[in-house]
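>
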Amino acid sequence: RMRTVPLRNLGACLAPDNAWIFLQGIETLPLRMERHCSNAKTVAEHLDGKAGVEWVRYPGLNDEKSGALADKYLDGKGGSMVIFGIKGGADAGSKFIDSLELFSHLANVGDAKSLAIHPATTTHSQLSEEAQSAGGITPELVRLSVGIEHIDDILADIDQALEKALA
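Numbered according to our numbering, the sequence shown spans residues 1 to 167.
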C-alpha cells in the first residue's frame, strides 16, 4: 500500500530533467510567496479608497473575519490574489485590462509575473448576467494575480491603467 498509493496518485518517477526543474521551483517557493503576499497586500491597500475603485477584496483588508481566517490558515498572509471593482462597470474593466503594460492579460494565477483579467468579458462571458451574478462575477470586477516584480512598477502600472480606463 505504501508503494502503490503514491504511484497511483502521483504517477511513476519523474524524468531527471523534470525532477531537476521541479526541485528548482520548490527551493525558491517560500521566497517567492513572501514577495507575492507582500506585493498583493500593498496593492490592496493602495487600491482601497482610491478614486475610481468601488471596492477591494483581500483577506484581512477592512474585514476582521477574513483577517482571522488568513491568520489561522495562511500564516497571516493574504495570498497573491486581489480583486476589486472599478467604477464604470464592464467598459472601464475592459479598458483597464487593455491599458496595463506590466501585467499580462491571462486567466491563470500564481505565476511569478503579475496577471490581470476582467472575468465578465473573458472567462465568464459565455454566461448570462444572472449566471455571472450567481457566481459572484459582476461587471466591475477585476482580478489581479500579483507577481514578484518591484512593487513600485506594479503600482505605477495599475495607476496609469486606472487613469486611462476612467478618462
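Glycine residues also receive a C-beta, built at the ideal position from the N, C-alpha and C atoms. If you're wondering where the values come from, they're calculated on a predicted model, not measured in any experiment.
#1: Alpha carbons only, please: which of Ser145, Ala120, Gly135, Asp75 is nearest the one belonging to Ser104?
#2: Does DSSP classify Gly60 as helix, strand or coil?
#3: With C-beta atoms as the reference, is Val142 less than 9 Å away from Gly49?
#4: Tell me the rounded alpha-carbon separation between Gly76 and Asp63.
#5: Whose CA, out of Ile117, Glu130, Leu100, lies closest to the CA of Ala107?
#6: To the nearest angstrom, report how far apart Leu162 and Ser125 are at their CA atoms.
#7: I think Thr42 touches Ile158, with their Cβ atoms under 8 Å apart; what is that distance to the nearest whole Å?
#8: Applying the 10 Å Cβ sphere with the 16-neighbour rule, what's the burial state of Asn9?
#9: Please classify Gly110: does DSSP put it in a helix, a strand, or coil?
#10: On the criterion of 16 or more Cβ atoms from any shown chain inside 10 Å, does Gly11 qualify as buried, or is it exposed?
#11: Rounded to whole angstroms, what's the CA-CA distance from Leu14 to Ala92? Just pull it up for me.
#12: If I follow the unbroken beta strand (DSSP E) through Gly85, where does it start and stop?
#13: Is the CB-CB distance between Ile26 and Tyr58 below 9 Å?
#14: In the DSSP output, which residue or residues are listed as bridge partners for Arg143?
Let me spell this out:
#1: Checked all of Ser145, Ala120, Gly135, Asp75; the closest Cα to Ser104 is Ser145.
#2: It is coil, neither helix nor strand.
#3: A distance of 9 Å or more separates the beta carbons of Val142 and Gly49.
#4: Straight-line Cα distance between these residues: approximately 13 Å.
#5: Residue Ile117 is the option with its Cα nearest to Ala107.
#6: Across the structure, Leu162 and Ser125 are spaced so that their CA atoms are roughly 22 Å apart.
#7: Actually they do not touch by this definition, with Cβ atoms about 11 Å apart.
#8: By the Cβ-count criterion, Asn9 is exposed, with fewer than 16 other Cβ atoms from all chains shown falling within 10 Å of its own Cβ.
#9: Residue state, collapsed to three classes: coil.
#10: In summary, Gly11 is exposed, with fewer than 16 beta-carbon neighbours lying within 10 Å of its beta-carbon over all protein chains present.
#11: Distance from the CA atom of Leu14 to the CA atom of Ala92, rounded to whole angstroms, is 45 Å.
#12: Here the beta strand (DSSP E) through Gly85 covers 81-86.
#13: Not in contact: Ile26 and Tyr58 (Cβ atoms no closer than 9 Å).
#14: For Arg143, which the question treats as bridged, DSSP gives the partners Ile83, Ile117.
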